[in-house]
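Peer 1: Sequence order for the protein chains is A and B.
Position one of the first sequence corresponds to residue 1 (my numbering), numbered consecutively onward.
Position one of the second sequence corresponds to residue 1001 (my numbering), numbered consecutively onward.
Here's a structure for you.
Protein chains: 2
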Amino acid sequence: MPITIKDIAKEAAVSHSTVSRALRGSSLISEKTTKHIQETAMKLGYLPSAAARSLKTNRSQAVGVIVSNIDDPYFSEILQGIEEVAQRNNYSLFMAASQRDHEREVAIIQSMRQHRVDGVIICSTAFSDEQSRRFSKYEVPIVVVNNQAAEDYRYSIYHDDVDGSCQLTRHLIELGHRKIAYLGNSNSGRTTLDRLAGFRQEMQSAGLPVPDNYVHEIPGSEPEQGMHAVDHFLALPDHPTALVCFNDMLAIGVLKSLQSQGVCVPDDISIAGFDNIVFSNYTNPPLTTFDQPKRFIGQKAAELMLSLVDSTSKTSVPEQKIQVLKGKLLVRKSTAPPPSNIL
Amino acid sequence: MPITIKDIAKEAAVSHSTVSRALRGSSLISEKTTKHIQETAMKLGYLPSAAARSLKTNRSQAVGVIVSNIDDPYFSEILQGIEEVAQRNNYSLFMAASQRDHEREVAIIQSMRQHRVDGVIICSTAFSDEQSRRFSKYEVPIVVVNNQAAEDYRYSIYHDDVDGSCQLTRHLIELGHRKIAYLGNSNSGRTTLDRLAGFRQEMQSAGLPVPDNYVHEIPGSEPEQGMHAVDHFLALPDHPTALVCFNDMLAIGVLKSLQSQGVCVPDDISIAGFDNIVFSNYTNPPLTTFDQPKRFIGQKAAELMLSLVDSTSKTSVPEQKIQVLKGKLLVRKSTAPPPSNIL
DNA sequence: ATCTATAATGCACACGTGTGCATAGGAGAA
DNA sequence: TTCTCCTATGCACACGTGTGCATTATAGAT
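Laid out in structure tokens, this is it:
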């Protein structure tokens, strides 16, 4: 049984109220007593019960984090950023994976509400509206990261995917490509729409056509799925000479599939990824991609969350805050001028 | 302010004790009343306060998980397994990353003790002894996963790295290799020792020598570090024809570095990884590796933990339980007969 | 009809912490 | 010395839930 402030009180021959105040550094208690109590607490190895404190103060010193998959390297890096900031500020993290499963979403929300988390950071790209609405009803601050429906929330942080996609597409156009295709992930909602929008926007600016069958969406972004998806483009009578992929995971699968079919990257076709996950630098050829500041995004999300939960008592909290972060183009070896230019 | 059992009591015109009992399904309360109360609770959207319950019952329905890095794909998969089982059993997860930093370890333990977690799963390969001892003193069940000092704990789950390394090495020997080297990660303690031991054991069985400079250890397992490490072996007067890497991450770096230096894999040198992380299948050539059942390990760890925390009241808990899981060899394209055999 | 046994419910306290209020002790002023 | 005021501490209750015990209501036995 862990020791309590009452144990300290007995040992230090004071009342438990005095102990409580002394440990919180109240000015009501004399310096001498405070010091004595702190030493006693240290000696006994006291650690306060979060449950009791939470019960009394309505603050759990914990925030919930919801991701779709823990093992998606993109989210992993964001998590790392969140964890870093949370830990530095003595906040604990409840972590849960939704797997895009409705029942799990319900269970996660229940669990987090039960634990009375001070706030929730949703990193799941497609957390269902219904669930999030339930959450807002519960009056808990929510920060969403790269969510499909960023506008539905008051606090949101996301990467400027339109800008990124524009830069990537422009890069390909500048290399001389005219037939560029886009491979999307229909599961990721807004994210893929933004990236597609950037792609379209830049193509239009350059006066380049985007045939319908040059835009292909698949439900997921596992490398395995990228492998199959590439067949769609290869089957077209008029091949694209460059392919912008929704993210690196897909691009990595695309790369493998192309190579196993004897198609040479970048000589025969250029491939671009998105996100700059660690492994995008270790494919052969290394992937041209758009470097999204994932860890930084996580940090910003956590900082925003902390400002929300702290300010409930102190300073005023902004009514709404939407932060858009920018990344930068990373040209590696999977993109090159189109083969037709060699003629 | 969330509603409490008192609110339900008022609404249902009973005492809060009756509500408490009814919601827990006590046989003391009549079927009719129970049903009525459950309906009222549902109607009001009641969710119990974990804090209050925890305070009263000394069970937090939460377990802590400590990893070194969240963004290590190997641990990510284990986490996924843990999360899956925990969620299915209505346990929440406190997650924290130690970053192999002593101060953080201390902070994490404090935080988890404060929250009175029912148990802790340590996935950090090198969680310091001092810290873990502190934990045991706190009388919380600890399950370690692939820990460097598995024997120091009563409950441990780990993969049979010796066996895996043996199989990998034997595979290389059977291909005809005689000059095989090992690249380790000195940070990972026991894990690298086991893998080295398996390597040595199999080499000895085959009567093959292992020169001192054929075993090289570096402090870490980022691909980046693998890139540098390979120079050590290339600088040797008598090159190895095959290299067993501590894990896939290192192997992936090694692969890239070799290729950028014009060394052909597997024609000039065979490379083997370990763990079978997702991306090991997407390098070029895809990596021969040892498939460790990562998700399964996570599940087993979580199940063991749950059996420990549940059995405190019910059945007897085993004094000690060490579970060793086996993986299987995965031959892909990064290993082939040595060049000398071609003659 | 009276007594007894059982079922169903309420009362009151506990868990560990925080806090408003009352109180004791001491210092300073008259 | 006596009164006043401030400082330092203790008392008691509260947070939401669970549970031993007392209490009431009901049914069955005599």
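From the three backbone atoms N, C-alpha and C, an ideal C-beta is built for every residue, glycine too.
Note that the structure is predicted; figures quoted are calculated from it, not measured.
1) By DSSP, does B/Asn1185 sit in helix, in strand, or in coil?
2) Count the other CB atoms, across all protein chains shown, that sit within 10 Å of the CB of A/Phe246; report buried if there are 16 or more and exposed otherwise.
3) Quick check on the DSSP output: the alpha helix (DSSP H) that includes B/Thr1033 runs from which residue to which?
4) DSSP on A/Leu329, reduced to helix/strand/coil?
5) Which chain B residues are close to A/Asn69, counting only those with a beta carbon under 8 Å from its beta carbon?
6) Kindly say whether A/Arg256, judged by its beta-carbon, lies nearer than 8 Å to any beta-carbon of chain B.
7) Taking DSSP as the reference, what is the three-state secondary structure of A/Lys179?
8) Rounded to a whole number of angstroms, what is the C-alpha to C-alpha distance between A/Ile121 and A/Leu304?
9) Along chain B, which residues have their Cβ under 7 Å away from the Cβ of A/Thr4?
10) Can you tell me where the beta strand (DSSP E) holding A/Leu243 begins and where it ends?
11) For A/Ile109, does the three-state DSSP call read helix, strand or coil?
12) What residue range is occupied by the uninterrupted alpha helix (DSSP H) comprising B/Leu1250?
13) Restricting to Cα atoms, I'd like to know which of A/Asn276, A/Gly207, A/Asn90 is closest to A/Val63.
14) Measure how close the beta-carbons of B/Asp1071 and B/Val1309 come, nearest whole angstrom, since I'm counting them as under 8 Å.
15) What is the DSSP secondary structure of B/Met1001, reduced to helix, strand or coil?
16) Could you tell me how far apart the beta carbons of B/Arg1178 and B/Leu1208 are, in whole angstroms, since I believe they sit closer than 8 Å?
17) Alpha carbon to alpha carbon, how far is A/Ile157 from A/Pro141? Give it in angstroms, no decimals.
18) Can you tell me where the beta strand (DSSP E) with A/Thr289 in it begins and where it stops?
19) Can A/Asn281 be considered in contact with the ligand HEM, in the sense that its beta carbon sits closer than 7 Å to one or more heavy atoms?
20) If you follow the beta strand (DSSP E) that A/Gly119 is in, where does it begin and where does it stop?
21) Anything in chain A within Cβ reach of B/Thr1283, meaning under 8 Å, just list it in chain order.
22) Quick one: what's got a C-beta closer than 6 Å to B/Lys1314's C-beta in the same chain, skipping five residues either side?
23) Which of helix, strand or coil does DSSP assign to A/Val278?
24) In chain B, what lies closer than 8 Å to A/Ala50 by C-beta?
25) Do you know how far the Cα of A/Arg59 is from the Cα of A/Thr312?
26) My output table needs one value for A/Gln320: the three-state DSSP class, helix, strand or coil.
27) Here's a check: name, in chain order, each residue in its chain whose Cβ is nearer than 7 Å to the Cβ of A/Thr34, leaving out the five neighbours to either side.
28) Give me the Cα-Cα distance between A/Pro73 and B/Phe1075, rounded to the nearest whole angstrom.
29) Where do the ends of the beta strand (DSSP E) carrying B/Glu1217 lie?
30) Let me see if you follow: with CB-CB separation under 8 Å, is B/Met1042 close to chain A or not?
31) Tell me whether the stretch 178–187 of chain A and the stretch 215–235 of chain A touch, counting them as touching only if at least three CB pairs, one residue from each stretch, are closer than 8 Å.
32) Strictly below 9 Å CB to CB, what residues from chain B border A/Glu105?
33) In chain order, what residues of the stretch 1163–1187 of chain B put their CB closer than 8 Å to some CB of chain A?
34) Are the Cβ atoms of A/Gly81 and A/Phe296 separated by less than 8 Å?
35) Excluding sequence positions up to five away, which residues of its chain have a Cβ less than 8 Å from the Cβ of B/Ala1052?
Peer 2: Straight from the coordinates:
1) For the purposes of this step, residue 1185 of chain B is taken as the residue at position 185 of the second sequence. The answer is strand: DSSP assigns B/Asn1185 an E or B state.
2) Counted from its first residue, the first sequence places residue 246 of chain A at position 246. With 16 or more other Cβ atoms within 10 Å, it is buried.
3) Sequence index remark: in the second sequence, residue 1033 of chain B carries index 33 (1-based). Counting along the chain, the alpha helix (DSSP H) containing B/Thr1033 begins and ends at 1031–1044.
4) As a working mapping, residue 329 of chain A is identified with position 329 in the first sequence. Three-state DSSP puts A/Leu329 in a strand.
5) As a working note, residue 69 of chain A is residue 69 in the first sequence. Correct list: Gln1080.
6) Locating residue 256 of chain A in the first sequence gives position 256, where the first residue counts as 1. Here the sequence assigns Lys to residue 256 of chain A, which means Arg is not the residue at that position. Yes, because at least one Cβ of chain B sits closer than 8 Å to the Cβ of A/Lys256.
7) Taking the first sequence and counting its residues from 1, one reaches residue 179 of chain A at position 179. Coil at A/Lys179, not helix or strand.
8) Taking the first residue of the first sequence as position 1, residue 121 of chain A is located at position 121. Taking the first residue of the first sequence as position 1, residue 304 of chain A is located at position 304. So the two alpha carbons sit approximately 10 Å from each other.
9) For the purposes of this step, residue 4 of chain A is taken as residue 4 along the first sequence, with counting starting at 1. Chain B residues near A/Thr4: none, gap ~11 Å exceeds 7 Å.
10) One-based indexing of the first sequence puts residue 243 of chain A at position 243. Element bounds for A/Leu243: 242–245.
11) As a working note, residue 109 of chain A is residue 109 in the first sequence. Helix, per DSSP.
12) The sequence position of residue 1250 of chain B within the second sequence is 250, counting from 1. Looking at the DSSP string, the run of the alpha helix (DSSP H) that includes B/Leu1250 is 1248–1260.
13) The count along the first sequence starts at 1 and reaches residue 63 of chain A at position 63. Nearest of A/Asn276, A/Gly207, A/Asn90 to A/Val63, Cα basis: A/Asn90.
14) Numbered from its first residue, the second sequence carries residue 1071 of chain B at position 71. Numbered from its first residue, the second sequence carries residue 1309 of chain B at position 309. 28 Å between Cβ atoms; not a contact.
15) By 1-based counting over the second sequence, the position of residue 1001 of chain B is 1. Coil.
16) Locating residue 1178 of chain B in the second sequence gives position 178, counting from the first residue. Locating residue 1208 of chain B in the second sequence gives position 208, counting from the first residue. That belief holds up - the Cβ atoms of B/Arg1178 and B/Leu1208 are roughly 6 Å apart, short of 8 Å.
17) What you label residue 141 of chain A is simply residue 141 of the first sequence in a count that begins at 1. What you label residue 157 of chain A is simply residue 157 of the first sequence in a count that begins at 1. Going by the C-alpha atoms only, they are around 14 Å apart.
18) Locating residue 289 of chain A in the first sequence gives position 289, where the first residue counts as 1. It spans 289–291 - the beta strand (DSSP E) in which A/Thr289 sits, taken as one unbroken run.
19) By its list of ligands, the structure shown contains no ligand whatsoever, and the ligand HEM lies outside what it can speak to.
20) As a working note, residue 119 of chain A is residue 119 in the first sequence. Start and end: 119–122.
21) As a working note, residue 1283 of chain B is residue 283 in the second sequence. The contacting residues are Tyr282, Thr283, Asn284.
22) For this step, residue 1314 of chain B is matched to residue 314 along the second sequence. Caution applies to B/Lys1314, whose pLDDT of 48 falls short of 50 and renders its modelled position unreliable; the model cannot decide the point.
23) By one-based count along the first sequence, residue 278 of chain A stands at place 278. Three-state result, A/Val278: helix.
24) Residue 50 of chain A sits at position 50 when you count from the first residue of the first sequence. The answer, in chain order, is Ala1051, Gln1114, His1115, Arg1116.
25) Along the first sequence, one-based indexing puts residue 312 of chain A at 312. Along the first sequence, one-based indexing puts residue 59 of chain A at 59. For A/Thr312, the pLDDT reaches just 47, beneath the cut-off of 50, and the residue's location in the model is therefore unreliable, although a value from the coordinates is still provided. Spanning the two alpha carbons is a distance of roughly 11 Å.
26) Numbered from 1 along the first sequence, position 320 holds the residue referred to as residue 320 of chain A. A/Gln320: coil per DSSP, three-state reduction.
27) Here residue 34 of chain A refers to the residue found at position 34 of the first sequence. Excluding residues within five positions, the ones whose Cβ falls inside 7 Å are Ala22.
28) Here residue 73 of chain A refers to the residue found at position 73 when the first sequence is read from its first residue. Here residue 1075 of chain B refers to the residue found at position 75 when the second sequence is read from its first residue. Going from the Cα of A/Pro73 to the Cα of B/Phe1075 covers about 11 Å.
29) On the second sequence, residue 1217 of chain B is found 217 positions in, with the first residue counted as 1. Counting along the chain, the beta strand (DSSP E) containing B/Glu1217 begins and ends at 1215–1218.
30) As a position in the second sequence, residue 1042 of chain B is number 42, starting the count at 1. No, because no Cβ of chain A sits closer than 8 Å to the Cβ of B/Met1042.
31) yes
32) The residue labelled residue 105 of chain A in the question sits at position 105 within the first sequence. Within 9 Å Cβ-Cβ: nothing; A/Glu105 doesn't reach chain B, min ~11 Å.
33) none
34) Locating residue 81 of chain A in the first sequence gives position 81, where the first residue counts as 1. Locating residue 296 of chain A in the first sequence gives position 296, where the first residue counts as 1. Against a cut-off of 8 Å, the Cβ pair of A/Phe296 and A/Gly81 comes out as a contact.
35) Here residue 1052 of chain B corresponds to residue number 52 of the second sequence, with the count starting at 1. So no residue of the chain qualifies.
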